[in-house]
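Counting from 1, one number per residue, gives the positions in the sequence shown under the numbering used here.
Encoded as structure tokens, the structure appears first; notes follow it.
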Amino acid sequence: MTTARPIAVLGGTGPEGFGLALRWAQAGETVIIGSRDAERAQAAAEKIKHRASVNVKVSGMENSAACIAADLLVLTVPFDGHATLLKQLKPAIRSSSIVIDATVPLAASVGGRATRTLGVWQGSAAQQTAELVPAGVSVVAAFQNVGAEMLNADGPVDCDVVVCSDDPEASRIVRALATRIPGVRALDGGKLETARILEQITALLIGLNIRHKGHSGIRITGLPASAYQTS
Ligand SMILES: NC(=O)c1ccc[n+]([C@@H]2O[C@H](COP(=O)([O-])OP(=O)(O)OC[C@H]3O[C@@H](n4cnc5c(N)ncnc54)[C@H](OP(=O)(O)O)[C@@H]3O)[C@@H](O)[C@H]2O)c1
């Protein structure tokens with residue numbers, strides 16, 4: 001069953017956002033690619049239409065127009081532009097929206113190593129987001145540990161997605177959305193403050209990818225099947 005509301009992927013012209021948008025469009029979701037430049041967003045949407053083997057519902061818009069058009073927003077921008085973008089978009093973000101944050105505060109975003117994360121005053125990029133969005137918006141941390149290479153490849157994505165939020169209903173909606181991607185299992189990781197750990201795991205995965213020349217992801221073992229239920 002589709003999510004029944006459009007999903008706007010802000011920064012969806014980059015590999016991570018594009019991969020998520022592609023997967024959701026292929027699953028029948030209505031997707032809007034957001035960009036600082038409307039033409040770049042439309043070009044990315046056209047690329048998804050060509051890539052998908054079925055008719056897909058995908059369009060491209062400037063980021064603030066995408067926020068006005070959708071209340072399920074996915075943030076996939078580099079950490080160095082994260083806070084500035086959110087401040088710009090604040091007037092356009094609807095108060096009942098869910099903001100899914102996949103941002104990782106990699107030191108690489110300020111010229112450091114991709115295998116290290118930066119300290120974020122609020123605890124994590126996702127917690128910084130929670131401080132910057134309008135009142136009434138729920139922030140959900142997810143997808144930090146799903147690499148763009150896997151999302152943009154063909155075939156199932158061999159990853160679990162741990163979802164963290166202080167809003168249990170928003171967490172449930174995002175877990176259901178995650179499982180629209182073939183191969184993905186999603187589970188409730190608890191409160192938003194746990195996003196700090198999810199973000200650091202990405203730095204570990206990048207180090208493993210460099211060391212072993214692969215595209216790593218995570219699978220959680222030892223939990224009952226009920227942990228993966230999204231209803
Ligand atoms: N790549 C991965 O495998 C992966 C995996 C997990 C999580 N992530 C996280 O997901 C986020 C996106 O990753 P990515 O590799 O797709 O990044 P990216 O290619 O560097 O950036 C994605 C998009 O963000 C927009 N952008 C760039 N700088 C910006 C700024 N200063 N302000 C506002 N928008 C800006 C650009 O879109 P426009 O120019 O069209 O606006 C760009 O195409 C990052 O936080 C990353 O840590 C990435």
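Ideal placement from N, C-alpha and C gives every residue a C-beta, glycine not left out.
The model shown is predicted, which means the values in this text are computed figures rather than measured ones.
- Here Ala-186 carries a strand assignment [DSSP, helix/strand/coil].
- Annotation: Asp-80 to Ile-32 spans about 23 Å, alpha carbon to alpha carbon.
- Residue environment for Val-56: buried (at least 16 other C-beta atoms within 10 angstroms of its C-beta).
- Residues Thr-2 of the same chain have their beta carbon placed closer than 6 Å to that of Gly-28, with the five preceding and five following residues left out of the count.
- Set against 7 Å, the gap from the CB of Arg-219 to the closest heavy atom of ligand 1 is not smaller.
- For Leu-72, the closest C-alpha among the options Val-174, Thr-194 and Ala-107 is that of Val-174.
- With fewer than 16 other CB atoms across the displayed protein chains lying within 10 angstroms of its CB, Glu-169 is exposed.
- Distance from the C-beta of Thr-103 to the nearest heavy atom of ligand 1 is below 7 Å.
- Counting every other CB atom within 10 Å of its CB across the protein chains shown gives Ile-220 a total below 16, marking it as exposed.
- By the C-beta density criterion, Arg-113 is exposed, having fewer than 16 other C-beta atoms within 10 angstroms.
- Only residues of its own chain outside the window of five on either side were considered, and among them Gln-144, Asn-145 and Ile-218 have a CB closer than 8 Å to the CB of Ile-201, listed in chain order.
- When the Cα atoms are used, Ala-186 and Thr-194 turn out to be separated by approximately 15 Å.
- Residue environment: Gln-88 is assigned as exposed (fewer than 16 neighbouring CB atoms within 10 Å of its CB, all protein chains considered).
- Taking Thr-76 as reference, the option from Ala-135, Val-163, Ala-108 and Pro-15 with the minimal CA-CA separation is Pro-15.
- In this structure, ligand 1 has no non-hydrogen atom nearer than 7 Å to the beta-carbon of Ser-216.
- Here the C-alpha atom of Lys-47 lies approximately 11 Å from the C-alpha atom of Gly-60.
- Burial is judged here by how many other beta carbons sit within 10 angstroms of a residue's own beta carbon; Ser-231 has fewer than 16 and is exposed.
- Taking the CA atoms as reference points, Asn-63 sits about 15 Å from Pro-78.
- In the DSSP assignment, Gly-17 falls within the unbroken alpha helix (DSSP H) covering 15-26.
- Secondary structure of Lys-213 (DSSP, three-state): coil.
- Here DSSP, grouped into helix, strand and coil, assigns Cys-159 to coil.
- The region 9-25 and the region 150-166 touch, with three or more beta-carbon pairs separated by less than 8 Å.
- In the DSSP secondary-structure assignment, Leu-75 is bridged to Leu-10 and Asp-101.
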